[in-house]
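Enquirer: Protein chains in written order, with my numbering: chain A, 2 to 167; chain B, 14 to 125.
As structure tokens, this is what we get:
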């Protein structure tokens, strides 16, 4: 049961997130070039909105399942918990004291940043094509969302490799 | 190229951006404050199965939403300096990132 949640959290949601991110970033970067006609702009904007909404929903799902489902199992006080196993082996202890402690905190920046991107895209809509400053800020926020999620994902994979949550 | 006239001010967007910076910074501050004080660590333990992580992340989320509501109300009809507030946001995000980096937030732990 624990394993299925971990699979959902890290192996199903993450690849979908990466696909949505790549597509969303491309739509955001190319939005001004797709403003040839109002119809083209409308289609491009619709695609952009669907991608950034997907990114935000996926990031929130990753954080909620990670913090409220997988993490309690990870840090359970029993000697069989992944945390206890890591701390019991000096060579693996860094996977908790550095990897998990960074992952669990920094990853929470992702849903904040992704939600603000959704707001900017939804609120400004077609105006975003000509609002270079806000569009660039949204692009940077999207990249920072990915950076925080990648730190969490890579460190999580290292932890899972050492002590799978089964 | 289709140019859509700007009907909205930049205040709402900039307010959301700055609020995100506030949220990330408060997240980082919560992490290091919990390390500096056992009472704070205990106080942030809002849901024991996940430990103080729930309190620390929730503090960041609450600060973000409160800041967003306040800045939206204050700026949504105004043009504000994008350049200045973007710089402020990047500094806030940097503070938050640094304070969630274990070698930094674990310094109080190492000092006993």
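Glycine included, C-beta positions come from ideal geometry on N, C-alpha and C.
Leaving out five residues on either side along the sequence, give the residues of the same chain with a beta carbon under 6 Å from the beta carbon of residue 121(B).
Expert: Working through the second chain from its first residue, we reach residue 121(B) at position 108. Around residue 121(B): 48 and 49.
Enquirer: Return no unless some Cβ of chain A is closer than 8 Å to the Cβ of residue 45(B).
Expert: By 1-based counting over the second chain, the position of residue 45(B) is 32. Taking Cβ atoms only, chain A never reaches closer than 8 Å to residue 45(B), which makes this a no.
Enquirer: If the cut is a Cβ gap below 8 Å, which residues of chain A does residue 93(B) touch?
Expert: Residue 93(B) sits at position 80 when you count from the first residue of the second chain. What residue 93(B) touches in chain A: nothing, since even the nearest Cβ is about 11 Å away.
Enquirer: In the segment 128-145 of chain A, which residues sit with their C-beta less than 8 Å from some C-beta in chain B, listed in chain order?
Expert: Those would be 128, 130, 131, 132, 134, 135, 138, 142 and 145, in chain order.
Enquirer: For residue 49(A), would you say it is in contact with chain B, using Cβ-to-Cβ distances shorter than 8 Å as the test?
Expert: As a working note, residue 49(A) is residue 48 in the first chain. Residue 49(A) does not count as touching chain B.
Enquirer: Between residue 127(A) and residue 46(A), how many whole angstroms is the CB-CB distance? I'm expecting something under 8 Å.
Expert: Taking the first chain and counting its residues from 1, one reaches residue 127(A) at position 126. Taking the first chain and counting its residues from 1, one reaches residue 46(A) at position 45. Indeed, because the Cβ distance is near 6 Å, the residues count as touching under 8 Å.
Enquirer: Between the alpha carbons of residue 143(A) and residue 21(A), how many angstroms are there, rounded?
Expert: Indexing the first chain from 1 puts residue 143(A) at position 142. Indexing the first chain from 1 puts residue 21(A) at position 20. Going by the C-alpha atoms only, they are around 11 Å apart.
Enquirer: Output yes if chain A places a C-beta closer than 8 Å to the C-beta of residue 25(B); else output no.
Expert: As a working note, residue 25(B) is residue 12 in the second chain. Yes, its Cβ sits closer than 8 Å to a Cβ of chain A.
Enquirer: Would you grab the beta carbon distance between residue 54(A) and residue 119(A) for me? Rounded to a whole angstrom, and I think it's under 8 Å.
Expert: Position 53 of the first chain holds residue 54(A). Position 118 of the first chain holds residue 119(A). Confirmed, Cβ separation roughly 6 Å.
Enquirer: DSSP has residue 64(B) in a bridge; who is on the other side?
Expert: Stepping through the second chain from its first residue, residue 64(B) is reached at position 51. DSSP, once it has assigned bridges, lists 60(B) as partnering residue 64(B).
Enquirer: Starting from the beta carbon of residue 62(B), find every residue of chain A whose beta carbon is closer than 7 Å, and list them in chain order.
Expert: Here the question's residue 62(B) lines up with position 49 in the second chain. Those are 73, listed as they occur along chain A.
Enquirer: So residue 120(A) contacts chain B; which residues on that side make the cut at Cβ distance below 7 Å?
Expert: As a first step, residue 120(A) must be located in the first chain, where it is residue number 119. Those are 29, listed as they occur along chain B.
Enquirer: Is DSSP giving residue 54(A) helix, strand or coil here?
Expert: In the first chain, the residue the question calls residue 54(A) occupies position 53. Of the three classes helix, strand and coil, the one that applies to residue 54(A) here is helix, per DSSP.
Enquirer: Here's the rule I'm using: 16 or more other beta-carbon atoms within 10 Å means buried, otherwise exposed. How should residue 105(A) be labelled?
Expert: By 1-based counting over the first chain, the position of residue 105(A) is 104. Buried: at least 16 other Cβ atoms inside 10 Å.
Enquirer: Which residues in the same chain as residue 64(A) place their Cβ atom closer than 8 Å to its Cβ, once the five residues preceding and following it in sequence are excluded?
Expert: For the purposes of this step, residue 64(A) is taken as residue 63 along the first chain, with counting starting at 1. Cβ within range, chain order: 108, 109, 111 and 112.
Enquirer: Shortest alpha-carbon distance to residue 62(A) belongs to which of 98(A), 9(A), 147(A) and 5(A)?
Expert: Within the first chain, numbered from 1, the residue matching residue 62(A) stands at position 61. Selected option, being the one with the closest Cα: 9(A).
Enquirer: Counting pairs of Cβ atoms below 8 Å between the segment 27-41 of chain A and the segment 68-76 of chain A, do you hit three or more?
Expert: At 8 Å Cβ cutoff, the stretches do not touch.
Enquirer: Starting from residue 59(B), find everything on chain A with Cβ-Cβ shorter than 9 Å and list it in chain order.
Expert: Counting from 1 along the second chain, the entry for residue 59(B) is found at position 46. The contacting residues do not exist; residue 59(B) stays about 11 Å from chain A at best.
Enquirer: Using a Cβ-Cβ distance cut-off of 8 Å, determine whether residue 105(A) contacts chain B.
Expert: To locate residue 105(A), count along the first chain from 1; it is residue 104. So, interface residue.
Enquirer: For a contact defined as C-beta to C-beta under 8 Å, what are the partners of residue 19(B) on chain A?
Expert: Mapped onto the second chain, residue 19(B) falls at position 6. Within 8 Å Cβ-Cβ: 128, 131 and 132.
Enquirer: Under 7 Å Cβ to Cβ from residue 100(A), same chain only, skipping five residues before and after it: list those, please.
Expert: Position 99 of the first chain, counting from 1, holds the residue named residue 100(A). 156, 159 and 160, listed in sequence order.
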